[in-house]
Ligand code: ADP
Ligand code: MG
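Residue numbers (the working numbering): 1 to 229.
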């Protein structure tokens, strides 16, 4: 479960204080698919970064499975991410000097995961990229690069998947493929999925849709269709 209580984010800006996220409460139960929509600059990435522990809130508490991550050290946060969280960004964030295979296996080896070779093979198969395993990111299309990034994010079987406009740089067909992979992780493995997207069609397939504007939640909808299926 993800819990945010009275969480806000402010940053100094030219001698003044800019509020990026106004105080908000949010509780996301395990396995829920939540989409976050809102115009550029509304605070979506900030919200995701706070939940990932990549950024610290100015006020409030953030709990992952009951454990507060506010004020936790870098090591503890890295451990938490390694254990529970997978993150996918719009711009893939692959290491250009490593092949697809290496981009997936190297973080696993650093984390000391057992069976990394077999797992990497399996992940490449899942994202339909076995034939491209030894290609470098520059030799892959955008859709293929994002599938490598997804395989890397899935390596630890994360129970929480955070995706920041993961289909934003892809055409609709590749976007659909990437979206389907995340949905499978959500449905088959009951992973919580928090998806920031500009795509209203994808957003409306969530169990719950949150709209941000100017750092505030302006709308929250439980999607009846999704809830019934
Ligand atoms: P979104 O992802 O919805 O486009 P962001 O969360 O990236 O929005 O940013 C929200 C607002 O906060 C934007 O106006 C952005 O420029 C600003 N912002 C984000 N991070 C910082 C920062 N570190 N310093 C100053 N302003 C920031
Ligand atoms: Mg953003």
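Every residue, glycine too, gets a C-beta built ideally from N, C-alpha and C.
Distance, residue 122 Cα to residue 114 Cα = Working through the chain shown from its first residue, we reach residue 114 at position 114. Working through the chain shown from its first residue, we reach residue 122 at position 122. Approximately 14 Å, taken between the alpha carbons.
query = Taking the alpha-carbon positions, what's the residue 205 to residue 180 distance?
reply = Mapped onto the chain shown, residue 205 falls at position 205. Mapped onto the chain shown, residue 180 falls at position 180. So the alpha carbons of these two residues sit roughly 11 Å apart.
task = Compare the beta carbon distance of residue 7 and residue 24 with 9 Å and say whether it is the shorter of the two.
result = Numbered from its first residue, the chain shown carries residue 7 at position 7. Numbered from its first residue, the chain shown carries residue 24 at position 24. In contact: residue 7 and residue 24 (Cβ atoms closer than 9 Å).
Validate contact between the stretch 210-218 and the stretch 36-56 using beta carbons, cut 8 Å, 3 pairs = yes
inquiry  = Buried or exposed for residue 165, going by 16 or more other Cβ atoms inside 10 Å?
reply    = Your numbering for residue 165 matches position 165 in the chain shown. Counting Cβ neighbours within 10 Å, residue 165 comes out buried, since at least 16 surround it.
request  = Go ahead and pull the three-state DSSP assignment for residue 230.
outcome  = The displayed coordinates of the chain run from 1 to 229. Any statement about residue 230 would go beyond what the structure contains.
inquiry  = Our contact map puts residue 191 next to residue 160 with C-beta atoms below 8 Å; I'd like the distance itself, whole angstroms only.
reply    = Translated into the one-based positions of the chain shown, residue 191 becomes position 191. Translated into the one-based positions of the chain shown, residue 160 becomes position 160. Between residue 160 and residue 191 the Cβ distance is about 7 Å, and since that is below 8 Å, they are a contact.
Same chain, Cβ closer than 6 Å to residue 212, five either side skipped, listed in chain order = As a position in the chain shown, residue 212 is number 212, starting the count at 1. These residues qualify, in order along the chain: 38, 42, 43 and 44.
request  = Note down the Cα distance separating residue 177 from residue 197, rounded to an integer number of angstroms.
outcome  = Position 177 of the chain shown, counted from the first residue, corresponds to residue 177. Position 197 of the chain shown, counted from the first residue, corresponds to residue 197. In a straight line, the C-alpha of residue 177 is about 15 Å away from that of residue 197.
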